[in-house]
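S.K.: Residue numbers (UniProt numbering): 1 to 512.
Quick reminder that beta carbons are idealized off the backbone N, C-alpha and C, glycines included.
Keep in mind it's a predicted model, so treat the numbers as computed, not measured.
Take this structure, written in structure tokens, and hold onto it; I'll ask about it next.
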């Protein structure tokens, strides 16, 4: 079931005239009742119509059907119009003229990409008013404003993808250069040339192999090509707002060059590294009650570092991979951040487990076999969040969980703490992998579920559904309905993070 986030003032019931069996839930306890459009007579003030219109008029309502239903609305009546068009397609459309003709004003425009079968793209909330002025300019403005916001969303996503693609191209070129300069590659070239010209090769192969050996840079023939060597130091500009704004505006991290997160931070800064999630995370630290921050699946500790730099809360980072633990601890020590890095995984029960080290990226290491291709595994200690909280006396106020498909186990091992202390939880949800298990763990806890995107406010959902585009992976599980204070903090944090670019970091570094 999909939540349709619409505002219907004074409406208690919505009559679904679409006839396609949409699996939809409405907010604020509004009932949705399927009905035959032919049986609808008068529509009361507390009742709204749900109407479907699409280019496919054989199965969806065309102009005639839509007009017939909307004419049944009394002045002050409401309708939800589900459309098979994008918002940017509506200017110049027959629908705009029809709304003017019927004195219907657009009150709200929302995305409705929840039904691929029916092809629904957009939802309009309409109210019928007394015939008076020209409604077309206002209706077009509402549609255009929504369309522009969607286009900005797409541009931001494309820019982020472009920056990451550029980084990968640079890394690939560097890897190719390393391979070509290695002893193994050069020797292979010599041997291949010798096979193509055996008579000449009798002379050239021994000579050229000897030359390569004398000038070798990558070790002996047959040695495996080493992974990216050396380290990189990345300056990171911090947001200017926050409880700890008097602290230095810049932190730095030094890490092995093969690690993925420092390379993303070097390319995009905090402005481009999970900006929606980071803003939500910091906003949660702004409004949550007293207590600690838990960064579960910390990797190099960027969330823990931000919480330490931007708040006065105690912070714990949990990371089982020893290399990343070392980087996270040095990150804290170098910048005097003061967070604690625990070299353990968190799960549903204490003990030990196999950590599968991803061949693809250090950010994809997982306790779940088969999540990513893994040529190497290590045994790591596992604790529960409940056990850690009891042992240390810490009271978590904000918990971020990103453990590459073991998130349900982490939260299952935290139910005592969540029930008692009601922390705000930010959790990664990978599409098609964890949703049912997460729902089973969270359903008894009385939390509210929100998909974290760059829209404000987030849409509350009755189901947890991962983003199959892999753009917005995080969900907010809130102990209460977020108030205006949270949304204000979110906007402030988002704006501050947008200024944390690599250029800004370099400027700050130059003035140190």
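Given a cut-off of 8 Å, decide if residue 344 and residue 383 are closer than it, judged by their beta-carbon atoms.
M.R.: Contact flag set, yes.
S.K.: On the three-pair Cβ rule with 8 Å, is the segment 492-506 touching the segment 461-479?
M.R.: No: the two stretches stay apart, fewer than three of their Cβ pairs being nearer than 8 Å.
S.K.: Taking the straight line between their C-alpha atoms, what separation do you get for residue 446 and residue 67?
M.R.: For residue 446 and residue 67, the distance between alpha carbons rounds to 42 Å.
S.K.: Would you kindly check if the distance between the Cβ of residue 407 and the Cβ of residue 438 is under 8 Å?
M.R.: Yes; because the gap between Cβ atoms is below 8 Å, this pair is in contact.
S.K.: Please state the DSSP three-state secondary structure of residue 396.
M.R.: It is a strand residue.
S.K.: Let's test the definition: count the other Cβ atoms within 10 Å of the Cβ of residue 43 and tell me whether it reaches 16, buried, or not, exposed.
M.R.: By the neighbour-count rule (16 or more Cβ atoms within 10 Å), residue 43 is buried.
S.K.: Distance check for residue 453 and residue 96, CA to CA, integer angstroms please.
M.R.: Going by the C-alpha atoms only, they are around 29 Å apart.
S.K.: Which two residues bound the contiguous alpha helix (DSSP H) that contains residue 280?
M.R.: From DSSP, the alpha helix (DSSP H) with residue 280 extends over 275-287.
S.K.: When the Cα atoms are used, what is the spatial distance from residue 98 to residue 464?
M.R.: If you take the alpha carbons of residue 98 and residue 464, they lie about 37 Å apart.
S.K.: Indicate whether residue 250 and residue 262 have their beta-carbon atoms separated by less than 8 Å.
M.R.: Against a cut-off of 8 Å, the Cβ pair of residue 262 and residue 250 comes out as no contact.
S.K.: Return the Cβ separation of residue 36 and residue 13 in integer angstroms, given the expectation that the two are a contact with Cβ distance under 8 Å.
M.R.: That belief does not hold up - the Cβ atoms of residue 36 and residue 13 are roughly 16 Å apart, past 8 Å.
S.K.: Only counting runs of 4 or more residues, tell me where the alpha helix (DSSP H) segments fall wholly within the segment 71-142, in order along the chain.
M.R.: Counting whole runs of 4 or more residues, the segment 71-142 contains the alpha helix (DSSP H) stretches 94-101.
S.K.: Does residue 26 pass the burial test, meaning 16 or more other C-beta atoms within 10 Å, or should it be called exposed?
M.R.: Classification of residue 26: buried, given that the 10 Å Cβ count is 16 or more.
S.K.: At the level of alpha carbons, what is the spacing between residue 258 and residue 123?
M.R.: Residue 258 and residue 123: Cα-Cα distance of roughly 45 Å.
S.K.: Could you tell me the alpha carbon to alpha carbon distance between residue 421 and residue 395, rounded to whole angstroms?
M.R.: Spanning the two alpha carbons is a distance of roughly 7 Å.
S.K.: Since residue 45 and residue 10 are thought to touch, with beta carbons under 8 Å apart, how far apart are those beta carbons, to the nearest angstrom?
M.R.: Correct: roughly 7 Å between the Cβ atoms.
S.K.: If I measure Cβ to Cβ from residue 491 and keep anything under 7 Å in the same chain, skipping five residues before and after, which residues do I get?
M.R.: Within the same chain, residue 491 has close Cβ partners 456.
S.K.: Closest Cβ-Cβ distance between residue 52 and chain C: below 8 Å?
M.R.: In the structure shown, chain C cannot be found, because there is only a single protein chain.
S.K.: Is the beta carbon of residue 493 less than 8 Å from the beta carbon of residue 282?
M.R.: Result yes, Cβ atoms of residue 493 and residue 282 sit closer than 8 Å.
S.K.: Counting only the same chain and skipping the five closest in sequence on each side, list residues whose C-beta sits under 6 Å from that of residue 127.
M.R.: Closer than 6 Å at Cβ, skipping near neighbours: 78, 105 and 107.
S.K.: For the beta strand (DSSP E) that contains residue 16, what are its first and last residues?
M.R.: Its beta strand (DSSP E) spans residues 13-16.
S.K.: I need the boundaries of the alpha helix (DSSP H) containing residue 439, first residue and last residue.
M.R.: Segment 435-442, the alpha helix (DSSP H) holding residue 439.
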